[in-house]
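Chains as they are written, first to last, in the numbering used here: chain A, 1 to 89; chain B, 1001 to 1398.
Below you'll find the structure, written out as C-alpha cells, and then a few comments.
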C-alpha cells in the first residue's frame, strides 16, 4: 500500500482525456522505445541549459510533440528528479 | 505508452500504431528552444531547423505483431533506419535475435570522441523531411562533461508474448471491477463518480490530489466515514489501475517497505488493457554528499487479448539497489504474466560492469538471469559497444 509523501511526488490527472477514453480495438502491443540523452547526467548540464534542463519544459509543450506521435497525456507523476507521463494512444 | 523526463534525458515509449519518430524533430527542437540545450545544425535558434545536439540516442523495438498496421516511418525497420539516418549523422542499426522468431531492433548513436563542431548551415528542406545538410550531429563531447550517471546506467526490458490466459484476465475492466468492488466500499465508488462529473480542468486537481489517500481507495478497506471527496478525486481507470497493480503483484516489485517514497500511476483501459508508471526515488542511503538522491522509473504495458497478448516491463532501477538483483526482478515479473515466450534486454554501462569486476565475458553474468524456472533459455547474445554492454536473452516455456 502506498501513501504518497505530501508535496514530493504529485499525481495530476487529465480528466478530459481519461473520461472518454475507449480502446476497444485490439492493438499492437510491442512498443517503440526512444531514449535521448542531452547531457551525461542531471548534475552535468551545459551552461546554456535551463536550471532543470528538460524538466523545465511545460506539459503543454510536450503535448504538442505528443500530438504528432498520436498520444495523449492521461496523468503525470512529478518528482524532484523525473516527471513520469502516463500516455494513451 | 509512457514518457519519462529527466533534466538530462528523455525516454518515450509508445505502443499501438503511434508514430513515435514523427515527434523526434520536435523533441529536439523543444530541447533547444525551451530547455536551452546547445545546437550545432543551424546558425541561430530562430532557424526553424535548429535542434539540440543529443549526446546519445537509442531507438529500439521488438518485431511487430501486426506490421501492416503501422504508419509513417514505422512501416518497416528499413524505413525507420532511413528516417533516423536522415536525422542523425553517425547512427548504427542492429538486429538482435532470431529472424524467424522474436527478435529485436536497435538503432543508436554514440559519442565518437569528437570535438565541438561549428554550426552547419542548413539548405532549405524539401517536403518537411530533413535534408542531409540539416542532419543533427550527435555525441559531441562539450564543456558539459562532468559527474554523470551515464557512467553507472542500466536498463532492463522484458517483453512477454502469449500471456497465461487466466492471469491476463486480471487486465479486463469486468474482472478488475469485480475485484475492486470487493475491496472498495460503494460510497467511495459513488463519491468518485460524482467528483469526476463535477471536475473541470487539469490544474484543479493538483493540490487536492497531493494529499489524496488514493491508496486508501485501492489498498485498504477504509471504512465509509474516512473517505473524503478529495480522496475520491480520481478516475475510474486510475482507481481500477491501482487495484490491479496491487492484486496482480506489480505493486510488490518495488514494495513500499523498501521504497517508502515510491509512487505508482496506473490506468486500466476499457474494455481491457493496462499501463503503469512507477517512480522510485533512490533510498536515502544512496544519496550523495549534497543529499541528492537519484530517482528511477519502471513502466508496464499490457495487451491481454488472447489473439495478441503481450506485456512489457522496463526499468532503470539499478540492480543491487536494496540488495535486489536484476534476476530477482525478471523472476518476479515473469511469474506475474507467465508468458509462453519472452525476451530480456539488459543494457549496462561498461564502467558499471568494471566496478563489479566482471569483464566482457562476465556481462550480465548474474547466472540466475539465465535460469528462469519453467523456461528454457534459447539465446544469449552479447553486444559490446563503446560505453555499454548489451545482453539479449530469449526464453521459451519448457
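The beta carbon of each residue, even a glycine, is placed where N, CA and C say it ideally should be.
Predicted model only: the values in this text are computed from it and were never measured.
Contact set for residue i: own chain, Cβ-Cβ below 6 Å, skip 5 residues either direction
| i | result |
| --- | --- |
| residue 1299 of chain B | 1002, 1277, 1314 |
| residue 78 of chain A | 10 |
| residue 1022 of chain B | 1072 |
| residue 1093 of chain B | 1081, 1107 |
| residue 1088 of chain B | 1109, 1136, 1138 |
| residue 1249 of chain B | 1336 |
| residue 1169 of chain B | 1175 |
| residue 1004 of chain B | 1011, 1297 |
| residue 1294 of chain B | 1282 |
Spatial distance of residue i from residue j (CA atoms)
| i | j | result |
| --- | --- | --- |
| residue 1334 of chain B | residue 1160 of chain B | 8 Å |
| residue 1350 of chain B | residue 1013 of chain B | 24 Å |
| residue 1320 of chain B | residue 1260 of chain B | 17 Å |
| residue 1020 of chain B | residue 1067 of chain B | 15 Å |
| residue 1210 of chain B | residue 1281 of chain B | With a pLDDT of only 33 at residue 1210 of chain B, under 50, the local geometry of the prediction cannot be trusted, and the value read off the model is given with reservation. About 17 Å. |
| residue 1218 of chain B | residue 1239 of chain B | Residue placement at residue 1218 of chain B is flagged as unreliable, the pLDDT there being 34, under the threshold of 50; the coordinate-derived value follows with that caveat. Between residue 1218 of chain B and residue 1239 of chain B, the C-alpha separation is close to 7 Å. |
| residue 1340 of chain B | residue 1025 of chain B | 38 Å |
| residue 61 of chain A | residue 1183 of chain B | 39 Å |
| residue 1245 of chain B | residue 1157 of chain B | 19 Å |
| residue 1064 of chain B | residue 1338 of chain B | 20 Å |
| residue 1042 of chain B | residue 1029 of chain B | 11 Å |
| residue 1252 of chain B | residue 1390 of chain B | 27 Å |
| residue 1050 of chain B | residue 1010 of chain B | 19 Å |
| residue 1167 of chain B | residue 1247 of chain B | 11 Å |
| residue 1165 of chain B | residue 1377 of chain B | 22 Å |
| residue 37 of chain A | residue 1181 of chain B | 44 Å |
| residue 1083 of chain B | residue 1034 of chain B | 24 Å |
| residue 1379 of chain B | residue 1058 of chain B | 22 Å |
| residue 1450 of chain B | residue 1046 of chain B | One cannot answer for residue 1450 of chain B here, as it falls past the ends of chain B, which runs 1001 to 1398. |
| residue 1264 of chain B | residue 1384 of chain B | 34 Å |
| residue 44 of chain A | residue 1091 of chain B | 24 Å |
| residue 1394 of chain B | residue 51 of chain A | 42 Å |
| residue 33 of chain A | residue 1268 of chain B | 21 Å |
Neighbour-count burial assignment, residue i, 16 or more Cβ in a 10 Å radius
| i | result |
| --- | --- |
| residue 1136 of chain B | buried |
| residue 1078 of chain B | exposed |
| residue 1055 of chain B | buried |
| residue 1052 of chain B | buried |
| residue 1101 of chain B | exposed |
| residue 1309 of chain B | buried |
| residue 1044 of chain B | exposed |
| residue 956 of chain B | As shown, chain B starts at 1001 and ends at 1398. That puts residue 956 of chain B outside it, with no answer to give. |
| residue 28 of chain A | buried |
| residue 1076 of chain B | exposed |
| residue 1048 of chain B | exposed |
| residue 1275 of chain B | buried |
| residue 49 of chain A | buried |
| residue 19 of chain A | exposed |
CB contact flag (residue i, residue j, <8 Å)
| i | j | result |
| --- | --- | --- |
| residue 57 of chain A | residue 1006 of chain B | no |
| residue 1008 of chain B | residue 53 of chain A | yes |
| residue 980 of chain B | residue 1171 of chain B | Missing from the structure shown is residue 980 of chain B; chain B here goes from 1001 to 1398 and no further. |
| residue 1266 of chain B | residue 1242 of chain B | yes |
| residue 35 of chain A | residue 1015 of chain B | no |
| residue 1307 of chain B | residue 1154 of chain B | no |
Contacts around residue i, its chain only, beta-carbon distance under 8 Å, and the 5 residues preceding and following it disregarded
| i | result |
| --- | --- |
| residue 1262 of chain B | 1254, 1256, 1278, 1279, 1280, 1281 |
| residue 71 of chain A | 87, 88, 89 |
| residue 1037 of chain B | 1031, 1052, 1053 |
| residue 69 of chain A | none |
| residue 1331 of chain B | 1368, 1372, 1373 |
Beta-carbon proximity list for residue i, same chain, < 7 Å, skipping 5 on both sides
| i | result |
| --- | --- |
| residue 1017 of chain B | 1069, 1070, 1071 |
| residue 1388 of chain B | 1347, 1348, 1349, 1350 |
| residue 1104 of chain B | 1060, 1062, 1096, 1097, 1343, 1345, 1392 |
| residue 1374 of chain B | 1397, 1398 |
| residue 75 of chain A | 11, 12, 13, 14, 86 |
| residue 73 of chain A | 14, 17, 59, 63, 66, 85, 87 |
| residue 1177 of chain B | 1240 |
| residue 1179 of chain B | 1243, 1247 |
| residue 1085 of chain B | 1091 |
Contact belief for residue i with residue j at Cβ below 8 Å, rounded distance in angstroms
| i | j | result |
| --- | --- | --- |
| residue 1236 of chain B | residue 1272 of chain B | Between residue 1272 of chain B and residue 1236 of chain B the Cβ distance is about 14 Å, and since that is not below 8 Å, they are no contact. |
| residue 1322 of chain B | residue 1386 of chain B | Not really, about 30 Å apart at Cβ, beyond 8 Å. |
| residue 1369 of chain B | residue 1327 of chain B | 5 Å |
| residue 1173 of chain B | residue 1270 of chain B | 5 Å |
| residue 39 of chain A | residue 46 of chain A | 6 Å |
Within-8 Å CB hit, residue i to chain C
| i | result |
| --- | --- |
| residue 1085 of chain B | Within the model displayed, chain C is absent; protein chains A and B are what it includes. |
Near the ligand NAD: residue i beta-carbon under 7 Å from a heavy atom
| i | result |
| --- | --- |
| residue 72 of chain A | Ligands displayed in this structure: none; no statement on the ligand NAD is therefore possible. |
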